[in-house]
Amino acid sequence: MKQDDAIDAFSALAHETRLAVFRLLVREGPGGVPALEIARRLDAKPSTLSGHLAVLKRAGLVSATRRQKEILYAPNFGSVDALVRFLLEDCCGGDAAACGSLPSIAGAGAEP
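Residue numbers (full-length UniProt numbering): 1 to 112.
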């Protein structure tokens with residue numbers, strides 16, 4: 001991942017509503033959530049939410065697919081993985097032993 005792409009991703013997440021949307025989508029997984037369901041669950045106006053989803057999509061953090069009359073939004077786990085790898089690529093000067101145990105994306109929310 002290029003630095004500019006990482007900046008775009010962090011900028012997209014640097015808003016309370018967008019961060020809440022992204023976390024909801026990550027919790028739900030790759031199957032996606034309809035836009036109106038996201039609005040309902042976050043108690044957000046659909047018109048406002050549409051703009052937030054567009055920002056997350058432009059940053060590559062979410063994808064949108066049409067299913068009949070609704071649009072499903074899902075996290076782009078490939079972009080999330082690339083962002084984490086970008087952050088950690090020079091961790092501890094390349095000395096993996098000095099870095100300790102870092103959580104994997106799949107187990108990031110799990111307690112040790």
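Even for Gly, the Cβ is constructed at its ideal location relative to N, Cα and C. All figures in this text were calculated on a predicted structure; none of them were measured in a lab.
Rounded Cβ spacing between residue i and residue j (contact assumed at less than 8 Å)
| i | j | result |
| --- | --- | --- |
| A12 | L56 | 5 Å |
| M1 | R85 | 7 Å |
Contact set for residue i: own chain, Cβ-Cβ below 8 Å, skip 5 residues either direction
| i | result |
| --- | --- |
| G60 | D5, D8, A9, N76 and S79 |
| L49 | T17, V21, A35, I38, A39 and L42 |
| L24 | V33, I38, R41 and L42 |
| L87 | A6 |
| E111 | Per-residue confidence for E111 stands at a pLDDT of 45, beneath the threshold of 50, marking its modelled position as unreliable; the derived number appears in the next sentence. Closer than 8 Å at Cβ, skipping near neighbours: no residue. |
| A46 | Reading off the sequence, residue 46 comes out as Pro, not Ala. Counting only Cβ-Cβ distances below 8 Å, and skipping sequence neighbours, we find A35, L36 and A39. |
Any chain D beta carbon closer than 9 Å to residue i
| i | result |
| --- | --- |
| T65 | In summary, chain D is missing from the structure at hand, where a single protein chain is found. |
Spatially closest choice to residue i from the options, by CA coordinates
| i | options | result |
| --- | --- | --- |
| R40 | L88, A20 and V26 | A20 |
| R66 | G51, G31, R23 and R58 | G31 |
| E28 | V62, Q3, Q68 and E89 | V62 |
C-alpha gap between residue i and residue j, whole angstroms
| i | j | result |
| --- | --- | --- |
| I71 | D95 | 44 Å |
| H15 | G93 | 31 Å |
| A82 | Y73 | 19 Å |
| A44 | Q68 | 23 Å |
| Q3 | A54 | 21 Å |
| H52 | E89 | 29 Å |
Own chain, CB closer than 7 Å to residue i, minus 5 neighbours either side, in chain order
| i | result |
| --- | --- |
| V26 | P75 |
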